């Protein structure tokens with residue numbers, strides 16, 4: 270339960286003066302739903318203005334404050350701008366311009382013939398000087414605006430800087446005084462202000478120490494929560510599992526394991542032999558052989574008389590994993606079941622009975638395998654695929670399915686896997702509670718993918734290349750950045766591309782995107798996987814897990830709109846068989862410098878770990894850290910630069926608190942509890958309480 274002293278920060282946004290239903294919508298788009306969110310909605314930058322006697326003293330592009338007298342109102346036809354022509358003390362004329370704003374509001378602010386002080390950016394439209402959407406219009410004392418260092422906040426449509434700034438100030442006024450959770454020596458050494466002062470200063474101007482302190486708080490909360498998860502996991506009772514190799518030696522693999530696979534399997538085997546449950550992340554690039562490592566681990570559990578479950582984020586991926594594992598494990602005689610939300614009736618009942626009596630030792634499925642109605646005889650290992658799709662809370666849910674003995678419930682070992690290589694900087698931030706194994710070698714025989722960048726004007730050549738490609742019996746993907754065209758942007762759309770390619774190739778083309786009904790999507794994927802369709806048009810729904818060895822051509826339309834990591838994942842859908850594979854990156858006409866570097870790097874390397882590092886530099890850490898929807902809340906306060914610089918400090922401080930300062934007991938520990946609730950990492954506190 271949240272400590273009472275934090276309650277003022279968690280009052281809903283409509284508890285602030287001036288927030289009604291109409292304003293709540295744009296605020297919600299910015300994630301501003303509680304008082305706390307406003308306090309931590311930090312400015313992008315600050316504007317300092319210069320007061321000038323007249324416009325001759327100012328430069329175009331400069332932020333200024335100037336006294337003007339309105340001369341004339343000018344309305345435009347239709348939805349055009351409303352302008353107020355005004356003159357300065359020297360007779361220079363300037364247009365004050367509003368787009369989409371009620372003209373009555375501007376007329377009320379600027380009565381003709383009466384002097385007003387105007388603050389804003391001086392621009393030029395044709396031969397006319399103008400200030401678009403002035404930041405301030407005041408009657409008297411406007412010179413003082415030139416002494417302000419004013420915050421500029423991220424906005425959404427329906428909000429103004431002035432309105433948002435006023436709400437932020439209200440929120441700051443409601444912030445309570447809180448005890449200090451940072452180690453005193455560190456606080457002094459870094460010269461950081463106390464929490465409430467840091468929060469205020471961060472909204473008042475360029476105060477790097479205040480910003481760093483707030484970012485550090487967020488990183489410390491994250492590090493501490495993950496450390497609590499790790500400690501709680503180690504304190505639980507697991508099931509020591511030791512296999513005799515009887516099943517694993519019967520695996521008939523068409524290739525030898527890489528050194529990285531053997532090393533990872535040995536690390537997992539050592540973990541599973543311990544009484545405390547394993548919590549390990551298996552990081553591996555596209556095609557590095559994570560599935561084999563997962564199968565070896567699950568067979569070890571079965572050899573030890575236990576059950577194993579593999580959790581996949583989507584039904585498509587679950588069915589594909591099931592088919593792959595059944596094929597690889599055919600020689601072992603082990604039954605591998607499949608359970609998804611779509612399984613009903615007798616088939617579902619049969620699976621549930623098999624899990625309960627132990628006759629199904631390995632199950633593959635979506636989150637359906639952890640529903641309340643599903644019981645296991647002895648679940649001792651859980652493998653989570655595409656770990657970034659599941660949050661810490663969902664990982665903790667797995668503990669409820671372990672075997673119950675006289676001593677209590679036993680927590681299953683947990684192996685999480687991700688095909689998204691994570692930069693070194695972020696591994697600690699995102700997976701600080703886990704041990705990490707890395708597959709940094711590719712299996713022998715994996716074909717390099719010929720990657721080329723093609724201008725969009727040559728799209729007909731690309732379609733002709735597809736015709737030649739599928740005439741040889743091979744298959745192709747065509748990926749688009751969105752489902753339908755937007756009126757405002759000329760974007761490639763999956764539905765439009767599907768229609769165009771269908772006109773050329775008929776029913777050889779199938780379409781898959783996230784807005785289709787699951788059964789329609791699965792049917793299209795199934796046709797493609799069985800080779801009945803030659804071209805799969807899709808959005809990024811196929812980014813992970815789709816495995817069709819006969820598909821050797823990937824076309825990514827408007828490739829400049831994708832992040833590097835995403836391009837790399839998509840490219841990894843080809844090159845999965847023995848044939849030569851090609852990836853064509855179709856680019857638009859106007860490329861930013863970042864997009865140019867991104868596409869050049871894709872041509873240059875297929876090393877996912879290098880690409881992840883470069884992606885972090887080009888794009889920042891937000892996407893790599895996941896989203897609220899996937900359960901891993903991104904850092905809202907800490908920038909990428911601050912994560913790189915401050916995270917090691919926060920990690921060491923969290924360890925110091927846990928090992929030397931008594932954890933969450935004592936004065937600093939009590940303050941740290943407040944910090945965990947403040948940043949909503951309180952699952953760490955719940956674990957401590959639950960034991």
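In the working numbering, the protein residues as written are 270 to 960.
Each residue gets a CB set at the ideal place from its N, CA and C atoms; glycine is no exception.
Just so it is clear, the structure is predicted and the values come from calculations on it, not from any experiment.
- Comparing C-alpha distances from residue 382 to each of 368, 809, 342 shows the shortest one belongs to 342.
- Annotation: residue 313 is outside any beta strand (DSSP E) and is labelled neither H nor E by DSSP.
- In the DSSP assignment, residue 920 falls outside any beta strand (DSSP E) and within the unbroken alpha helix (DSSP H) covering 909-928.
- Sorting 544, 321, 738 by C-alpha distance to the C-alpha of residue 390 places 321 at the top.
- Going by beta carbons, residue 774 and residue 804 fall inside the 8 Å limit.
- With the rule of 3 Cβ pairs closer than 8 Å, the region 678-687 counts as touching the region 528-548.
- The beta-carbon distance between residue 708 and residue 684, rounded to whole angstroms, is 13 Å. This is too long to meet the 8 Å contact definition.
- Non-local C-beta neighbours of residue 282 in its own chain, meaning closer than 7 Å and more than five positions away in sequence, comprise 288, 293, 296, 301, 302, 303, ordered along the chain.
- Beta-bridge partners of residue 704 (DSSP): 549.
- Residue pairing by DSSP puts residue 853 in a beta bridge opposite 721, 824.
- With at least 16 other beta carbons inside 10 angstroms of its own, residue 502 counts as buried.
- Excluding residues up to 5 positions away in sequence, 465 lie with their Cβ nearer than 7 Å to the Cβ of residue 446 in the same chain.
- The three-state reading of DSSP puts residue 299 in coil, since its state is none of H, G, I, E or B.
- Looking at the backbone, the Cα of residue 386 and that of residue 481 are separated by about 36 Å.
- Positions of the beta strand (DSSP E) runs, each at least 3 residues long and wholly inside the region 311-350, are given as 314-317, 332-344 in order along the chain.
- At a Cβ-Cβ threshold of 8 Å, residue 687 and residue 550 count as neighbours.
- In chain order, 587, 588, 591, 620, 632, 633, 634 place their CB closer than 8 Å to the CB of residue 607, counting only its own chain and leaving out the 5 sequence neighbours on each side.
- Check the Cα spacing between residue 864 and each of 881, 829, 703, 835: the tightest is with 829.
- Under DSSP, the beta-bridge partners assigned to residue 394 are 397.
- The alpha-carbon of residue 278 is positioned some 24 Å away from that of residue 427.
- The region 937-951 makes no contact with the region 516-524; the number of CB pairs closer than 8 Å stays below 3.
- Contact check for residue 430 against residue 406 fails: the beta carbons are separated by 8 Å or more.
- Excluding residues up to 5 positions away in sequence, 779, 780, 781 lie with their Cβ nearer than 7 Å to the Cβ of residue 793 in the same chain.
- Beta-bridge analysis with DSSP links residue 650 to 577, 682.
- Residue pairing by DSSP places residue 597 opposite no residue, since no beta bridge is assigned to it.
- By the Cβ criterion, the region 902-912 is in contact with the region 484-495, since at least three pairs of Cβ atoms, one from each stretch, lie closer than 8 Å.
- The alpha-carbon separation between residue 570 and residue 576 amounts to approximately 6 Å.
- According to the DSSP assignment, residue 504 belongs to the alpha helix (DSSP H) that extends over 477-504.
- In this structure, the alpha-carbon of residue 514 lies about 7 Å from that of residue 572.
- Here residue 772 is exposed: its Cβ has fewer than 16 other Cβ atoms, across all protein chains shown, within 10 Å.
- Here residue 613 is exposed, its C-beta having fewer than 16 other C-beta atoms within 10 Å.
- Per DSSP, the unbroken alpha helix (DSSP H) holding residue 946 starts and ends at 935-947.
- Cβ-Cβ distances below 6 Å link residue 436 to 285, 307 in the same chain, with the five nearest sequence neighbours on each side left out; the list follows chain order.
- A distance below 6 Å between beta-carbons, with the five flanking residues on each side excluded, links residue 412 to the following residues of its chain, in chain order: 320.
- Judged by DSSP secondary structure, residue 528 falls within the alpha helix (DSSP H) whose first and last residues are 528-541.
- DSSP assignment within the region 783-818 yields the following whole beta strand (DSSP E) runs of 3 residues or more, N-terminal first: 804-807.
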